[in-house]
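Q: Dropping the structure in here first, questions after.
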Amino acid sequence: MQGAEILLELGVFPRLLQGLWVTVWIAAVSVGLSIPVGLVAGWLMTVRNPVVRAVMRVYLDFIRIMPQLALLFIAYYGLARAWNWNVDATGACVLVFVLWGGAELGDLVRGALLSIPQVQAETAYMLGMTSWQSFSRVILPQTLRRLLPASVNLATRIVKTTSLAVLLGVVEVIKVGQQIIDANRFQYPTGTLWVYGVIFLMYFIVCWPLSLAARALEKRWAND
Amino acid sequence: MTERNERIVLRVDGLVKRYAGADRNVFDGISFEVPRGKVLVIVGPSGSGKSTLLRAVAGLEPIQGGTIALDGEVIETGRPGTERQGRAKRSSALRTKIGMVFQSYDLFPNHTVLGNVTLAPILVQKRDKAEVEAEALRLLERVGLADRADAKPHELSGGQRQRVAICRALIEHPQLLLLDEITAALDPEMVHEVLDVVLELADQGQTMLIVTHEMQFARAIADRIIMIEGGTIVEESDDPDAFFTHPHTERAREFLRTFEFTRHRHDHGA
Chain A
1 MQGAEILLEL
11 GVFPRLLQGL
21 WVTVWIAAVS
31 VGLSIPVGLV
41 AGWLMTVRNP
51 VVRAVMRVYL
61 DFIRIMPQLA
71 LLFIAYYGLA
81 RAWNWNVDAT
91 GACVLVFVLW
101 GGAELGDLVR
111 GALLSIPQVQ
121 AETAYMLGMT
131 SWQSFSRVIL
141 PQTLRRLLPA
151 SVNLATRIVK
161 TTSLAVLLGV
171 VEVIKVGQQI
181 IDANRFQYPT
191 GTLWVYGVIF
201 LMYFIVCWPL
211 SLAARALEKR
221 WAND
Chain B
1 MTERNERIVL
11 RVDGLVKRYA
21 GADRNVFDGI
31 SFEVPRGKVL
41 VIVGPSGSGK
51 STLLRAVAGL
61 EPIQGGTIAL
71 DGEVIETGRP
81 GTERQGRAKR
91 SSALRTKIGM
101 VFQSYDLFPN
111 HTVLGNVTLA
121 PILVQKRDKA
131 EVEAEALRLL
141 ERVGLADRAD
151 AKPHELSGGQ
161 RQRVAICRAL
171 IEHPQLLLLD
181 EITAALDPEM
191 VHEVLDVVLE
201 LADQGQTMLI
211 VTHEMQFARA
221 IADRIIMIEG
231 GTIVEESDDP
241 DAFFTHPHTE
251 RAREFLRTFE
261 FTRHRHDHGA
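Residue numbers (full-length UniProt numbering), protein chains in the order written: chain A, 1 to 224; chain B, 1 to 270.
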């Protein structure tokens, strides 16, 4: 238990929780905005127009090839240099995670849309439904169900990737942890493991319910 | 509209169909008509384009020549160069006049049986929910599935699903019902329960255009039968019995023989 006392130090837990809140906030906003972006991107990836499809292909490949950290630096430092457009560090993180999450989710949406048998849309057409009715009542509900497992996985990846925000100076949970360790280096030289252990648990507590909820829904929708 | 036209629900005139990138036409000027209350059955070997013909009438495939008229009104005029176009831009109201049942996978898996049947009339025809549900239950009763109204499609057998699909097409009161090999994906013991429903519809005067591989059924239900191959009608008849027993063309004879099985027993007796 050597070094564990660091966790009892006044202010350590509240500060970690504050850091966690920043992490969860960035992740939640990014995931929340990625959903509409991903749905639209996925739809654009399936349209007939070859120019639109090519543009979407380039977008997806660009985002996939670039390391997220490089994207973060471009958004944070590059935008200011190029257009004198100053985004704050948190804003840069959200921007990059939405572009990334939107592209990845878009690809999942594309796959799910294409996996719905053509005859479903044809039946809706024969029954007189408008394109929107067909999409919203028939195609989209089936697509969302097929999307669920992979998109929850993506959401947990986004939660974990928010730790890169440290490198832009955002004080999220990992940064708070480092600060606590540094501030108590002499008093608790072996506290490092304990602090990071708590951070590990915090990430787990955020991501685990997502997986549980996804598994429960997946089971309920298994055959629908 | 002439009186003759009023009797004709569907008239296909000089229909030309070509697939994108193909060097010849699937159909080269096919013409036929379906009078009100009659059943036209289309037969032909695999790849002859029977389903494509049905899909062109449905508006699911663009046509490159000829016309399609419903109730005396031209609803589709073929134009060359449209091979890559998608579904025809028909109004919702027009589309409800033509019902269609596909080979399989056409029930909406995210709706119950009742939901499948009532969705379009409520959404598209803006009919009263209670009235639509009452009619849906009557239809399901007729096909023996009233007790499965709350089931999801995955809980039904293939034959039951096709009967629900028929109800779903019927509830919009289509002028014309298109059936595209609706038993081709079913286990043999389920074919009868579906085709019995279709036979009953024919007795009640539902105008239908049917593509099928079930020759016994075709013979029983058809008022008129046409066989297509190589892009044209090779034989047509108003007398299904005669078509099956005494076909005029050699090609039809050959085709019908493919449905017969004979074992040539050799006499090994000493």
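A virtual CB, placed ideally from N, CA and C, is assigned to each residue, including glycine. A quick note: this is a predicted structure, and the numbers were derived from the prediction, not measured.
Expressed to the nearest angstrom, what Euclidean distance is found between the alpha-carbon atoms of Thr2/B and Ser31/B?
A: Confidence in Thr2/B is poor, its pLDDT being 46 and thus under 50, which makes the residue's placement unreliable; the coordinate value appears in the next sentence. About 19 Å.
Q: Compile a chain-ordered list of the residues in the segment 175-208 of chain B whose CB is closer than 9 Å to at least one CB of chain A.
A: Leu178
Q: Taking DSSP as the reference, what is the three-state secondary structure of Thr232/B?
A: strand
Q: The segment 31-56 of chain B: which residues have C-beta closer than 7 Å to a C-beta of chain A, in chain order?
A: Against chain A - using a Cβ distance shorter than 7 Å - the segment 31-56 of chain B contributes no residues.
Q: In angstroms, rounded to a whole number, what distance separates the CA positions of Asp187/B and Leu10/B?
A: 32 Å
Q: Got a sec: is the Cβ-Cβ distance from Ala20/B to anything in chain A below 7 Å?
A: No, because no Cβ of chain A sits closer than 7 Å to the Cβ of Ala20/B.
Q: Are there 16 or more other CB atoms within 10 angstroms of the CB of Glu265/B, so buried, or fewer, so exposed?
A: Going by the sequence as given, residue 265/B is Arg instead of Glu. Result: exposed.
Q: Verify the CB distance criterion: does Gln118/A have a CB-CB separation below 7 Å to chain B?
A: Gln118/A does not count as touching chain B.
Q: Note down, in chain order, every chain B residue with its Cβ under 7 Å from the Cβ of Glu218/A.
A: Those do not exist, as Glu218/A stays about 14 Å from chain B at its closest Cβ, beyond 7 Å.
Q: Measure the Cβ-Cβ separation of Ser46/B and Asp180/B and say whether it is below 7 Å.
A: no
Q: Can you tell me whether DSSP reads Ile42/B as helix, strand or coil?
A: strand
Q: Note down, in chain order, every chain B residue with its Cβ under 9 Å from the Cβ of Arg137/A.
A: Phe108, Asn110, His111, Leu119, Leu123
Q: Helix, strand or coil: which one does DSSP assign to Lys17/B?
A: strand
Q: Would you mind telling me which residues of chain B sit closer than 8 Å to Gln133/A, beta carbon to beta carbon, in chain order?
A: Leu123, Val124
Q: Establish whether the CB of Arg161/B and some CB of chain A are separated by less than 7 Å.
A: no
Q: Which of helix, strand or coil does DSSP assign to Glu3/B?
A: Any reading at Glu3/B must be qualified, since the residue scores a pLDDT of 48, below 50, and its modelled position is unreliable; no value is offered.
Q: Assess, as a yes-or-no matter, whether the segment 126-144 of chain B is touched by the segment 49-67 of chain B under the definition of 3 or more beta carbon pairs within less than 8 Å.
A: no
Q: So if DSSP puts Gln101/B in a beta bridge, which residue, or which two residues, is it bridged to?
A: Reading off the sequence, residue 101/B comes out as Val, not Gln. In DSSP, Val101/B forms a bridge with Leu179/B.
Q: Per DSSP, Met227/B forms a beta bridge with which residues?
A: Val43/B, Glu235/B
Q: List the residues of chain B that Glu122/A touches, going by C-beta distances under 9 Å, in chain order.
A: Arg55, Ala58, Leu60, Arg87, Met100, Phe102, Asp106
Q: Measure the beta-carbon distance from Val47/A to Ile180/A and round it to whole angstroms, keeping in mind my assumption that it falls under 8 Å.
A: 51 Å between Cβ atoms; not a contact.
Q: Who are the neighbours of Thr130/A on chain B, taking C-beta pairs under 7 Å?
A: Neighbours of Thr130/A on chain B, chain order: Ser92.
Q: Name, please, each residue of chain B whose Cβ falls closer than 7 Å to the Cβ of Met45/A.
A: The premise fails here: Met45/A is roughly 17 Å from chain B at the closest Cβ pair, so nothing lies under 7 Å.
Q: Which residues in chain A sit within 7 Å of Arg148/B, going by Cβ to Cβ distance?
A: Neighbours of Arg148/B on chain A: none; closest Cβ ~15 Å, over 7 Å.
Q: Between the C-alpha atoms of Cys207/A and Val159/A, what's the straight-line distance to the nearest angstrom?
A: So the alpha carbons of these two residues sit roughly 8 Å apart.
Q: So, helix, strand or coil for Thr190/A, using DSSP?
A: coil
Q: Pick from Ala58/B, Ile68/B, Arg84/B, Gly78/B: whose alpha carbon is nearest that of Ala22/B?
A: It is Arg84/B whose Cα lies nearest to the Cα of Ala22/B.
Q: What is the C-beta distance between Gly106/A and Ala41/A, in whole angstroms, given that I count them as a contact (C-beta under 8 Å)?
A: 3 Å
Q: Our contact map puts residue 276/B next to Leu114/B with C-beta atoms below 8 Å; I'd like the distance itself, whole angstroms only.
A: Outside the shown range of chain B (1 to 270) lies residue 276/B, about which nothing can therefore be said.
Q: Identify whether Phe217/B lies in helix, strand or coil by the three-state DSSP scheme.
A: helix
Q: Check whether chain B comes within 7 Å of Leu127/A, counting only Cβ atoms and requiring the distance to be less than that.
A: yes
Q: What residues are listed by DSSP as bridge partners for Glu76/B?
A: Ile68/B
Q: When the cut-off is 7 Å and only beta carbons count, does Thr96/B lie next to chain A?
A: yes
Q: Using the C-alpha atoms, what's the distance from Pro67/A back to Asn25/B?
A: 51 Å
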